[in-house]
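Colleague:
There are 2 protein chains.
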Amino acid sequence: MIESEFISLLRGLATHPAARGLRDDAAVLNIADSMQLVLTHDMLVEGVHYLPDDPPGTVAWKLVAVNMSDLAAKGAQPLGVLMGFAMTGDNEWELAFLDGLREALAVFDVPLLGGDTVSMPAYAPRSLGLTAIGSAQSASVPSRTAARPGDRVFVSGTIGDAGAGLALLQGRITTADETARAALIDAYRRPRPDLQLGQKLAPLVHAMADISDGLLIDASRIAEASNCAIHIALEAVPLSLAYEIAEGKALDARLRAACAGDDYCLLFTARSEACQALIQTAKECGGTVAEVGQVSSGTGLSLSWNGGAIPLPERLGHQHGEKRHQAP
Amino acid sequence: MIESEFISLLRGLATHPAARGLRDDAAVLNIADSMQLVLTHDMLVEGVHYLPDDPPGTVAWKLVAVNMSDLAAKGAQPLGVLMGFAMTGDNEWELAFLDGLREALAVFDVPLLGGDTVSMPAYAPRSLGLTAIGSAQSASVPSRTAARPGDRVFVSGTIGDAGAGLALLQGRITTADETARAALIDAYRRPRPDLQLGQKLAPLVHAMADISDGLLIDASRIAEASNCAIHIALEAVPLSLAYEIAEGKALDARLRAACAGDDYCLLFTARSEACQALIQTAKECGGTVAEVGQVSSGTGLSLSWNGGAIPLPERLGHQHGEKRHQAP
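Note that the protein sequences, when read in sequence, are chains A and B.
The first sequence begins at 131 in my numbering and counts up one residue at a time.
The second sequence begins at 131 in my numbering and counts up one residue at a time.
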């Protein structure tokens, strides 16, 4: 049984509407008249979600950040986190992890409320879990199911940086200068989901999700959940200067960026009339949004490059159950 | 660094009042005028919190039950759970686990809202995490810190059954008949925290906690947190008939019961005048409560046996970081 089969079976148990069919970034539980509780739990496993020699402080950062990214995608404000930590007896690692945890809690301004600590045998791969709880206004918790024909598709930030950072760490690319290299590795190790932007965008958008597995696969999930077709214009996928230095900006580089994952940017759809308001909102938050495609009636994902249709790559992004850190 | 040292360092990070200094069963977060959110995350590790050959359905049951026990101790009503599940590639085990999970969710009447699934190497010990979210009335969320001199100390249910069940599974005791053996093993594998009783007791008690690590160690934690002394009269510790068949009811058997842990019963203190109301409440819930001691000014835990003081055993119960399943 692979993860996707197990998750299908779990869906049979998760029939409460708040579970959103286990197809959204987070559970959304109506708790009071004007308040929704947004709940997410993401795990990191050594060798799967981070490299064994990643600095422990960045592992703590990532553990918090990937969960904050789920809250950001639902426009939620963090209320607190609970951590499940498996100790394996490496003092130095664990102390450095705590330093990174302290920093992440401070930067994301979220309190550690509790959790559990257990001891694992030293040979076991580390596995870490974090639950994040957030609150959102009832009227503005975007789902993956709300994209509508005619919507435009947007992303926040730049795409592919984390994937290029991983490729650099694994020696799959070697062309970046020191500044670009540092920026890309930092994007991989210390993703920076923008909670404020998520909260401000939430009332303006139709569908919204975070890009954790790859722009294309996450877009295809929105298309499927919304029962619409989504088209992405690859030349519009925003790249950072560091990414362009390392990977270029030709079609193959854009495609790699769009399938890389670990971006923890926001992917959302909105009426085309909302475009200016979205750009202005991002600017107020110190970020950027870019229009990358549109929604139409139909099903599935399609791609173009400067106006010409191009076929979908075989692999759109991370699938549950794949070893992320093997070269695709 | 052992778990208790790590937890001490975490306390330095968990300074929000809702975290209750990481010294309570759960975090208690004020969320609306008359509503508290009760949040807990407990993990189970194979070979530490359950035996590798425990039936997988009972592991799922225990994963839900230990978290429900934390909610019960805070008088909370469950709103939902999120599960972190590490797959290790054993289909049969995982399917049987899901059957047990379905049953536990139904019996405790709590929805599965989300979580995460990851794949672990087959050699890794299984590790499972569950976050439970509950709600409680603001006025009645008991803490561990609220015991007062003059209070009586009570427990719900019977003590030591799970410990005797584990001892039977490990061959450390062999004297039980089949009926007693089955009952005790069931107590170990399928603890039954009483959520309804917890909710009804909450407004009547001062301090309340669940007994997960052992009656004596959990009582000593209430004493310490409340800055009081607690005295336990061992002859008053309620034993089941099955326990008496397996272990007897002499001093050594009562002491073993009081240090065994995994009871997932409630331990609480209340004014002596509340005694009748407590007994009546338990009766209405189909359960029992028994008075086992009293609170006085001072510090620490003391024990007696039919009126005579007896010394504390060296080990009061489970400590974080100890391998629970080695014979003490």
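Each residue gets a CB set at the ideal place from its N, CA and C atoms; glycine is no exception.
1. Could you give the distance in angstroms between the alpha-carbon of L143(B) and the alpha-carbon of D154(B)?
2. If we ignore side chains and look at the alpha-carbon of each, how far apart do G245(B) and R311(A) end up?
3. I need the straight-line Cα distance from D184(A) to E222(A), nearest angstrom please.
4. Within 10 Å of its beta-carbon, does L272(B) have 16 or more other beta-carbons around it, so buried, or fewer, so exposed?
5. Listing by chain order, which chain A residues have their CB less than 7 Å from the CB of E233(B)?
6. Is I303(A) helix, strand or coil when you go by DSSP?
7. Give the interface partners of T261(B) over in chain A, defined as CB-CB distance under 9 Å, in chain order.
8. Residue range of the beta strand (DSSP E) that S270(A) falls in?
9. Show which residues of chain B have a CB atom less than 8 Å away from the CB atom of H146(A).
10. Quick one: what's V283(A) bridged to in DSSP?
11. Give the DSSP-derived three-state secondary structure of L225(B) in the structure shown.
12. Which bits of chain B does N436(A) rub up against, with CB to CB less than 8 Å?
13. In terms of alpha-carbon separation, which member of W191(B), G205(B), H179(B), L446(B) lies closest to L327(B)?
14. For P321(A), which residues in chain B fall below 9 Å Cβ to Cβ?
15. Using the beta-carbon count (16 or more within 10 Å), is N436(A) buried or exposed?
16. Compare the Cα-Cα distances from G369(A) to each of G416(A), A387(A), G264(A) and report the closest residue.
17. For the beta strand (DSSP E) containing V168(A), name the first residue and the last one.
18. Does the beta-carbon of H448(A) have 16 or more other beta-carbons within 10 angstroms, so that it is buried, or is it exposed?
19. How long is the line joining the alpha carbons of V285(B) and I341(B), rounded to whole angstroms?
20. Anyone know if the C-beta pair for A355(B) and R282(B) falls short of 7 Å?
21. Using CA atoms only, rank isn't needed, just tell me which of D348(A), R320(A), P241(A) is closest to C389(A).
22. What is the residue span of the beta strand (DSSP E) that S500(B) lies within?
23. Taking all protein chains shown into account, do 16 or more other C-beta atoms lie within 10 angstroms of the C-beta of I362(B), making it buried, or fewer, making it exposed?
24. Does the region 255 to 266 of chain B come close enough to the region 191 to 210 of chain B that 3 or more CB-CB pairs lie under 8 Å?
25. Would you mind working out which of V335(B), Y253(B), R232(B), I360(B) sits nearest I409(B), comparing C-alpha positions?
26. For G423(A), which residues in the same chain have their Cβ closer than 8 Å to its Cβ, ignoring the five residues on either side in sequence?
27. Per DSSP, what kind of secondary structure is G447(A) in: helix, strand or coil?
28. Along the chain, where does the alpha helix (DSSP H) that runs through P208(B) open and close?
29. Residues of chain B with a CB under 7 Å from the CB of P182(A): which are they?
30. Name the residue from S426(B), T305(B), G264(B) whose alpha carbon lies nearest to the alpha carbon of G378(B).
31. Could you check if Q329(A) is buried or exposed, using at least 16 other CB atoms within 10 Å of its CB as the buried criterion?
32. M217(A) versus chain B: which residues are under 7 Å apart at the beta carbon?
33. Cα separation between C395(B) and V419(B)?
34. 7 Å is my cut-off, CB to CB: does A254(A) come that close to chain B?
35. With 7 Å set as the bound, which would you pick, yes or no: does the beta-carbon of A276(B) sit closer than that to a beta-carbon of chain A?
36. How many Å lie between L152(A) and M213(A) at the Cα?
Modeller: On the basis of the coordinates in this document:
1. Cα atoms of L143(B) and D154(B): separation of roughly 16 Å, rounded to the nearest angstrom.
2. Here the C-alpha atom of G245(B) lies approximately 34 Å from the C-alpha atom of R311(A).
3. About 13 Å.
4. Position check: residue 272(B) holds Pro in this sequence, whereas Leu was assumed. Result: buried.
5. Taking a Cβ-Cβ threshold of 7 Å, none of the residues of chain A is close to E233(B); the smallest such distance is about 10 Å.
6. In the structure shown, I303(A) falls within a coil segment according to DSSP collapsed to helix, strand and coil.
7. By Cβ distance, chain A contributes L169, H171, L212, G214, G245, G259, T261, I263.
8. Premise fails: S270(A) is in no beta strand (DSSP E) and is neither H nor E.
9. Within 8 Å of the CB of H146(A), the CB atoms of chain B belong to G210, P241, L242, L243, in sequence order along the chain.
10. Looking at the DSSP output, V283(A) shares a beta bridge with T399(A), G423(A).
11. Here L225(B) carries a helix assignment [DSSP, helix/strand/coil].
12. Correct list: empty, because the minimum Cβ distance to chain B is about 39 Å.
13. Looking at the Cα atoms, G205(B) is the closest of the given residues.
14. Contact note: P321(A) does not reach chain B at a C-beta cutoff of 9 Å; the least C-beta distance is about 16 Å.
15. Within a 10 Å sphere around the beta-carbon of N436(A) sit fewer than 16 other beta-carbons, which makes this residue exposed.
16. Looking at the sequence provided, one finds Leu at residue 369(A) rather than Gly. Distance from the Cα of L369(A) is smallest, within the candidate group G416(A), A387(A), G264(A), for A387(A).
17. Per DSSP, the continuous beta strand (DSSP E) segment holding V168(A) begins and ends at 165 to 175.
18. H448(A) should be labelled buried.
19. Each residue's Cα considered, the two are about 9 Å apart.
20. No, they are not a contact pair.
21. If we check each option's Cα against that of C389(A), D348(A) comes out closest.
22. No answer is possible for residue 500(B): it lies beyond the span of chain B, which begins at 131 and ends at 458.
23. Counting Cβ neighbours within 10 Å, I362(B) comes out buried, since at least 16 surround it.
24. In this structure the region 191 to 210 of chain B lies against the region 255 to 266 of chain B, because at least three pairs of beta carbons, one per stretch, are closer than 8 Å.
25. Out of V335(B), Y253(B), R232(B), I360(B), the CA that lies nearest to the CA of I409(B) is found in V335(B).
26. Contacts found: R282, V283, A349, I360, H361, I362, A363, A366.
27. Note: G447(A) maps to coil in three-state DSSP.
28. Element bounds for P208(B): not the alpha helix (DSSP H) but the beta strand (DSSP E), 207 to 217.
29. Correct list: empty, because the minimum Cβ distance to chain B is about 13 Å.
30. Considering only alpha carbons, the answer is T305(B).
31. With 16 or more Cβ atoms within 10 Å of its Cβ, Q329(A) is classed as buried.
32. Those are E133, F136, listed as they occur along chain B.
33. Going by the C-alpha atoms only, they are around 10 Å apart.
34. Output row for A254(A): interface = yes.
35. It does not; no Cβ of chain A falls within 7 Å.
36. Their Cα atoms are separated by approximately 21 Å.
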